[in-house]
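A.B. asks: Could you have a look at this structure, given as structure tokens, before my questions?
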Amino acid sequence: MIVKLRRLIDRLRYGREAERKRKRAEKEKRRQQKFHSERWYRDERLARRHYDSYEDYVRHQSAKLERVLHRLKETEAEDFQEFQRRFSLCEPLKPARSVLCLGARLGTEVKALHSLGYFAVGVDLNPGPENPYVLPGDFHALVFADASVDAVYTNAFDHAFEPERVLAEVVRVLRPGGVFVMDQLAGFQEGFIPGEYESFHWKDRAALNELVRHHTGFVLLGERDLGRHRRDRWYQVVFRKPA
Ligand SMILES: C[S@@+](CC[C@H](N)C(=O)[O-])C[C@H]1O[C@@H](n2cnc3c(N)ncnc32)[C@H](O)[C@@H]1O
Numbered sequence: 001m002i003v004k005l006r007r008l009i010d011r012l013r014y015g016r017e018a019e020r021k022r023k024r025a026e027k028e029k030r031r032q033q034k035f036h037s038e039r040w041y042r043d044e045r046l047a048r049r050h051y052d053s054y055e056d057y058v059r060h061q062s063a064k065l066e067r068v069l070h071r072l073k074e075t076e077a078e079d080f081q082e083f084q085r086r087f088s089l090c091e092p093l094k095p096a097r098s099v100l101c102l103g104a105r106l107g108t109e110v111k112a113l114h115s116l117g118y119f120a121v122g123v124d125l126n127p128g129p130e131n132p133y134v135l136p137g138d139f140h141a142l143v144f145a146d147a148s149v150d151a152v153y154t155n156a157f158d159h160a161f162e163p164e165r166v167l168a169e170v171v172r173v174l175r176p177g178g179v180f181v182m183d184q185l186a187g188f189q190e191g192f193i194p195g196e197y198e199s200f201h202w203k204d205r206a207a208l209n210e211l212v213r214h215h216t217g218f219v220l221l222g223e224r225d226l227g228r229h230r231r232d233r234w235y236q237v238v239f240r241k242p243a
């Protein structure tokens with residue numbers, strides 16, 4: 001009752017913007033509490049969500065689409081433009097012709113790559129029905145041949161059950177000299193708190209980049225701040241597989 005009254009007073013006093021800010025802060029607090037619960041296991045560099053089994057992980061990840069479908073339809077045009085911007089500014093991607101997108105959901109990133117002239121296809125545990133841009137599949141076990149693509153792109157690495165296995169697959173399918181482009185969020189000690197669906201996360205981006213380098217032998221070519229997209233700040237990191 002008191003809380004409701006306070007919200008009403010706040011709203012009358014400061015308007016909708018204050019109300020939105022307060023809601024965001026409350027959501028952030030709930031995220032913090034969840035993240036610090038027993039469902040996450042941590043070492044000094046990484047945190048991993050507890051799943052009872054691999055099947056449990058697949059079920060959890062696959063369930064997300066239905067919850068966000070409505071919002072995705074509303075933001076698709078804006079997301080498409082953001083992907084176009086990210087890809088067209090990515091110099092090391094320019095010589096590539098074929099790009100495989102991991103965790104591509106409905107395929108907005110794939111469509112953006114097509115619009116820039118690339119051959120691109122996505123893989124996702126749940127691409128929705130009859131999706132011509134994204135194949136149903138698991139990025140821990142790709143169906144593609146060894147050394148068959150020029151580039152791999154992902155903004156969904158934090159949804160991996162076993163990041164080391166995903167990286168082994170990236171090494172396998174990428175041709176020598178190919179690039180691995182990863183859009184990343186900040187680490188949990190840098191201000192980003194994982195939400196409902198991230199299955200692992202990093203202390204900071206340096207720890208993530210070290211993980212990638214250690215398990216792939218790739219060279220870090222460069223990174224840049226992509227700025228904010230909705231509520232999160234994104235970074236793009238490009239690695240090269242030695243020729
Ligand atoms: C944050 S969403 C990103 C979606 C998309 N890249 C975009 O930006 O619109 C993460 C996606 O990864 C997918 N995913 C999670 N685990 C996966 C796995 N093991 N193999 C393939 N896709 C997976 C989820 O189904 C989800 O669509």
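Take the sequence shown: its letter number 20 is residue 20 in our numbering, and every next letter is one higher.
Note that the Cβ used here is the ideal one computed from N, Cα and C, for glycine as well.
(1) My output table needs one value for S88: the three-state DSSP class, helix, strand or coil.
(2) Pop quiz: Y197 and Q61 are said to be a contact at Cβ under 8 Å. What is the actual Cβ separation, rounded to whole angstroms?
(3) If you draw a straight line from the C-alpha of F83 to the C-alpha of E109, how long is it?
(4) Quickly, what does DSSP pair L102 with across the bridge? List them, please.
(5) Where K29 and G195 are concerned, what is the direct C-alpha to C-alpha distance, given to the nearest angstrom?
(6) Going by alpha carbons, who is nearest to F139 out of P95, V171 and K4?
(7) When we look at the beta-carbon of H159 and count the other beta-carbons within 10 Å, is it buried (16 or more) or exposed?
(8) Considering only DSSP beta bridges, list what F180 is partnered with.
(9) Can you tell me whether V68 is helix, strand or coil according to DSSP?
(10) Less than 8 Å separating the beta-carbons of L106 and V134?
(11) Name the one or two DSSP bridge partners that P136 has.
C.D. replies: Let me spell this out:
(1) For the purposes of this step, residue 88 is taken as the residue at position 88 of the sequence shown. It is helical.
(2) Locating residue 197 in the sequence shown gives position 197, where the first residue counts as 1. Locating residue 61 in the sequence shown gives position 61, where the first residue counts as 1. Correct: roughly 7 Å between the Cβ atoms.
(3) In the sequence shown, counting from the first residue as 1, residue 83 sits at position 83. In the sequence shown, counting from the first residue as 1, residue 109 sits at position 109. C-alpha separation (whole angstroms): 6 Å.
(4) Stepping through the sequence shown from its first residue, residue 102 is reached at position 102. V123 and T154.
(5) For the purposes of this step, residue 29 is identified with residue 29 of the sequence shown, where counting begins at 1. For the purposes of this step, residue 195 is identified with residue 195 of the sequence shown, where counting begins at 1. Their backbone Cα atoms lie some 11 Å apart in a straight line.
(6) Here residue 139 corresponds to residue number 139 of the sequence shown, with the count starting at 1. Per the Cα distances, V171.
(7) Position 159 of the sequence shown, counted from the first residue, corresponds to residue 159. By the neighbour-count rule (16 or more Cβ atoms within 10 Å), H159 is buried.
(8) What you label residue 180 is simply residue 180 of the sequence shown in a count that begins at 1. Partner(s): V152 and F239.
(9) Within the sequence shown, the letter at position 68 stands for residue 68. Three-state result, V68: helix.
(10) Taking the sequence shown and counting its residues from 1, the one referred to as residue 106 is at position 106. Taking the sequence shown and counting its residues from 1, the one referred to as residue 134 is at position 134. Taking 8 Å as the Cβ cut-off, L106 and V134 qualify as a contacting pair.
(11) As a working mapping, residue 136 is identified with position 136 in the sequence shown. D124.
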